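Just so we're aligned, residue 4 is where the sequence shown starts under the working numbering, counting upward by one.
Note that CB positions come from ideal geometry on N, CA and C, so glycine has one too.
Every value quoted in this text rests on a predicted model; they were computed, and no experiment measured them.
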Amino acid sequence: MSLIVLLLLPFVGSCLAAVLPHNARNSESLLAGLIALIGTVQVAMLYPQIAHGGVIREEFMWLPSLGLNFVLRLDGFAWLFSILVLGIGTLVSLYARYYMSPEDPVPRFFAFFLAFMGAMLGLVLSGNLIQIVFFWELTSLFSFLLIGYWHHRSDARRGAYMALMVTGAGGLCLLAGVMLLGHVVGSYDLDAVLAAGDKIRAHSLYPILLPLILIGALSKSAQFPFHFWLPHAMAAPTPVSAYLHSATMVKAGVFLLARLWPSLSGSEEWFWIVSGAGACTLVLGAYCAMFQNDLKGLLAYSTISHLGLITLLLGLNSPLAAVAAVFHILNHATFKASLFMAAGIIDHESGTRDIRKLSGLFKLMPYTATLAMVASASMAGVPLLNGFLSKEMFFAETVFINSTAWVEIALPVIATIAGTFSVAYALRFTVDVFFGPPATNLPHTPHEPPRWMRAPVELLVFTCLMVGIFPAQTVGPLLAAAAQPVVGGELPEYSLAIWHGLNAPMIMSLIAMSGGILLYVLLRKQLKLGRFPYPPLSKFFNGKRFFERSLVVIMRGARRLERRISTQRLQTQLFLLILVAVIAGLIPMFYSGLSWGDRPKIPGSIVFITLWLLAIACALGAAWQAKYHRLAALTMVSVCGLMTCVTFVWFSAPDLALTQLVVEVVTTVLILLGLRWLPRRIEEVSPLPGTLRKAQIRRLRDLLLSTAVGGGMALLSYAMLTRQTPNDISSFYLSRALPEGGGSNVVNVMLVDFRGFDTLGEITVLAAVALTVFALLRRFRPSKESMQLPAQQRLLAKDVMTDLVNPRSASDTALGFMMVPAVLVRLLLPIAFVVSMYLFMRGHNQPGGGFVAGLVMSVAFILQYMVAGTQWVEAQMSLRPLRWMGTGLLCATLTGLGAIPLGYPFLTTHTAHFSLPLLGDIHVASALFFDIGVYAVVVGATLLILTALAHQSVRAHRPSNQLAPLPAPQSALATKEGAA
């Protein structure tokens, strides 16, 4: 299976899961499990290709000129993580089938779950730094949705918000660091970055890019001081917690540290930052875990501690420590996933996770208790289990480290203390819950779960045993294949034997186990009585409190700044916005200056100069009349736009002139429809002393700024027009438009081919703007004076409300003197469609194209609304603007993606030739389908804004006692019957 198919499989499954029925819990679980299982099998079959240092690489051209290609790369380390992501994902899917309640929105859960799986898989398979950051942020987004799955709970909303804020901020730092790293290497390709370790460490930007990248990695893996968000993520369903802690979200940070280990490690900065954060997190997480009263809270802090162990190993700058870190990543995934599932079973069957209430469950659920005790023993590092092996390797690295004297003494002590704490909280998880007298007053009577709910735990615990007893035979080759890319060369010598003699690591293990048992005995009674609701001394390292106080300080500062610089006056806001833009434009001029070119001047025409003078007069008149007569101002602004069209024609730019003309028509009508909702200007009869002078000063200030802006733009335009244009730019487009773009209209070919990526971004922005306008106007309430209707319109309010309730019976407003315009407008609709199609089809070779064709079609719809009325139009036609926009964006995107399977960059145009009877040879460019997307988005965006404005008119006709929020805009978009 291709890597791209493997990556797309979870995302396709997510879309399928979202449309399954609400009660299809079995189907949802089966779908997710099969997708994960198929992926696991396919990745496992790729092992022979990566077993001895091989790399599978698939590259798809995206933006090769910027070094941004879509690269999928599978080496031994990525293979290990892919197995964890997909394999544990398979087990969690089966487990979730029995854990999730039938009342839960299960399709939403599995849709988020599969999308999260795909995002994590994309992260580990990415072979490009920017691509890694993209999937990195996707994991933050989907984890936010999963943590807040039960959004009716405040703790779920708070935990999801905290996780998104911390990991999202870390992701921004990671992006900045990655950009610097790519700049230093000269490429964002991962292979080039991994091979440039010496160059990176010797560069002057290394001390800057390293902390930025480490902030992203440490925040993702909940390392000190970012550890506080992970326990609050326990509000998620237990299947999410098991998946998030074992194989995905929190492992992403240590994955990145190991992924970039050959490039970034080996320096003093790396050692102190990474190992220091890991050591603090190792001890702090284990210490807090001992005092947790919630099973999932205990496991969450233990996860923090074990991630600190992995981070500490990666920070030691030792290849053998890196091997131990990879080994513990694998071991931690198995025992931690099984422990979370066991905790979920206990909660599911007993109704509580409170350790103080649980006791004696071994007699009631012996199989689950046995499995949980084995997994807990592996977490504590008991011999003959996989956790013991990687813990021994960790102890060995702390003992034999070569550093300063105090570090050589402190590290073994820290490791032993953390091991002591881990034994104590492991005993608390097992002894307090499964032994002692049977618990009473539980919400449910505990019993064994369904057989297949326990099966994933059994498989994971069996893996812990097999790796612990037969490490060299079971996991030895896999560890070697996974660790070799991390080390970046030959593997150091290491042994996976169970017994290495009575050495220093074994003595540390014995001390940790003995000390942990003693510590548990001393604390057990106090913990059972609930004497420690919070870990002692926790106030000194309470990251949550610091986070919340920081948010409060930021919010207060923002409000103070808002009170000082903001105002409700639109005029002042526009003044500040334009002033900032002017300053931003002037700053470069101080460095580069402004001078004229020596390009020969084109002789002017008396007619053309007259038209320009007319445009200038209209502009001045519009500025003057804007205060007194808005309709007159809008009319004169439209004349200025018309003169701009004539200017484009004069400079032989028919495409621009045609587009500008239609844009003027559409925007003028839409602005005209919106003008009526502005409050009427009320002149003060007797202005207060000083008010008139302030108004005069404000107008003078605005006049000076507008003059500066207009004059500055005129100077810039003149400076550009008098310079000689580089011939290579124009000749490039002129010479390649027809042979490579398949069209003789160079402007259109530029928009849909050479600059197609820009056009895709522009139509995306257009769709977003239309949605924003629609959302704002849906809750917009006009001012009282603009809602005052003439008496004749008030008499029609009752009839309008009747049409509103029953759109099919909506009366035609095109009666009487409006009958002739109505007939003409309805006849104009098919004609406009034909003209629109004509402009669309000729656009690749003649003036036209999808944008102007979409605007022509929009004008026809606007005229229908204006003449026939909102209710009648929506009763007769099902317009559905959202579908227009969605279809257009999808069509444009799929057109761009269609070039990738053929080995070309995104949005590369291809031309096919067909020979048809009577018509002869016809060539069809793939840009045609991209232009269809542009056409659909333009029509949909215009209709959506028009719908929002039209329904304001509907609301204006409603009686004053019926001005509640109107569901009209929704129905107009959703069903043909919903007129308003």
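**OP:** For my contact list, THR241 and PHE343 are in at a C-beta cut-off of 8 Å; report their separation, rounded to the angstrom.
**Re:** 6 Å
Subject >> Straight-line gap, GLY488 to ALA346 (C-alpha atoms, nearest Å) >> reply: It is Pro, not Gly, that sits at residue 488 in the sequence shown. So the two alpha carbons sit approximately 35 Å from each other.
Original post:
Leaving out five residues before and five after VAL838 in sequence, what residues of the same chain have Cβ atoms less than 7 Å from its Cβ?
Top reply: VAL859
Original post:
Closest by CA to PRO606, which one among LEU573, PHE654, SER270, PHE115?
Top reply: PHE654
**OP:** Check PHE933 in the structure and name its three-state DSSP category.
**Re:** helix
**OP:** Report yes if the C-beta distance between LEU317 and VAL277 is below 8 Å; otherwise report no.
**Re:** yes
Subject >> Cβ pair count under 8 Å reaching 3, the region 829-837 against the region 860-868 >> reply: yes
Original post:
In its own chain, which residues sit with a C-beta less than 6 Å from the C-beta of VAL377, not counting the 5 before and 5 after it?
Top reply: VAL464
**OP:** Go through its chain and collect everything with a Cβ distance to LEU23's Cβ below 7 Å, but skip five positions before and after it.
**Re:** SER30, GLU31, PRO110
Subject >> Of the listed residues LEU946, VAL826, THR914, nearest to THR873 (C-alpha basis) >> reply: LEU946
Subject >> Beta-carbon proximity list for PRO265, same chain, < 6 Å, skipping 5 on both sides >> reply: LEU197, GLY200, GLY491
**OP:** Please classify THR762: does DSSP put it in a helix, a strand, or coil?
**Re:** helix
**OP:** Could you please give the first and the last residue of the uninterrupted beta strand (DSSP E) stretch that includes MET64?
**Re:** 59-66
Original post:
What separation, rounded to the nearest whole angstrom, lies between the Cα atoms of ALA740 and VAL876?
Top reply: 42 Å
Original post:
Taking C-alpha atoms, which residue in PRO210, MET888, LEU221, PHE231 lies nearest to GLU989?
Top reply: Within the shown structure, residues of the chain are numbered from 4 to 983, placing residue 989 beyond reach of any answer.
Subject >> GLU271 versus MET723: straight-line alpha-carbon distance, rounded >> reply: 52 Å
**OP:** Taking all protein chains shown into account, decide if PRO108 is buried (16 or more other Cβ within 10 angstroms of its Cβ) or exposed.
**Re:** exposed
Subject >> For ASP201, three-class secondary structure by DSSP >> reply: helix
Subject >> For LEU217 and ILE307, the rounded distance between their alpha carbons >> reply: 16 Å
Original post:
For THR433, which option in ARG726, ALA500, LEU298 has the closest C-alpha, if you only look at C-alpha atoms?
Top reply: LEU298
Subject >> Cross-strand partners of VAL927 (DSSP beta bridge) >> reply: ALA915
Original post:
Do PRO452 and TYR101 come within 8 Å of each other at the CB atom, strictly closer than that value?
Top reply: yes
**OP:** List the residues that DSSP assigns as beta-bridge partners of LEU71.
**Re:** LEU66
Subject >> Alpha-carbon to alpha-carbon, VAL95 and THR251 >> reply: 12 Å
Subject >> Limits of the unbroken alpha helix (DSSP H) element including TYR209 >> reply: 209-223
Subject >> Spatially closest choice to PHE777 from ALA951, LEU589, TRP627, PHE229, by CA coordinates >> reply: ALA951
Original post:
Counting pairs of beta carbons, one from the region 386-404 and one from the region 500-517, are three or more of them closer than 8 Å?
Top reply: yes
**OP:** Check whether the Cβ atoms of PRO994 and SER353 sit closer than 8 Å, and answer yes or no.
**Re:** A question about residue 994 goes unanswered here, because the residues of the chain that appear run from 4 up to 983.
Original post:
Does DSSP put ASN334 in a helix, in a strand, or in coil?
Top reply: helix
Subject >> Close Cβ partners of LEU494 (< 8 Å) along its chain, the five nearest in sequence each way excluded >> reply: PRO322, VAL326, ALA483, ALA486, GLN487
Original post:
Thinking just about the alpha-carbon of each residue, which of TYR721, LEU637, THR662 is nearest to the one in VAL649?
Top reply: THR662
Original post:
What separation, rounded to the nearest whole angstrom, lies between the Cα atoms of ALA656 and PHE112?
Top reply: 53 Å
Original post:
What residue from ALA118, ARG262, ALA421, ILE581 has the CA that sits closest to LEU3's CA?
Top reply: Within the shown structure, residues of the chain are numbered from 4 to 983, placing residue 3 beyond reach of any answer.
Original post:
For ASN131, which three-state DSSP category applies?
Top reply: strand
**OP:** Identify, in the order they occur along the chain, each residue of the same chain with its Cβ nearer than 6 Å to the Cβ of ASP435, setting aside the five sequence neighbours on each side.
**Re:** ILE358
**OP:** Closer than 6 Å by C-beta to ALA421: which residues in its own chain qualify, once you throw out the five before and the five after it? Chain order, please.
**Re:** LEU285, VAL286, ALA289
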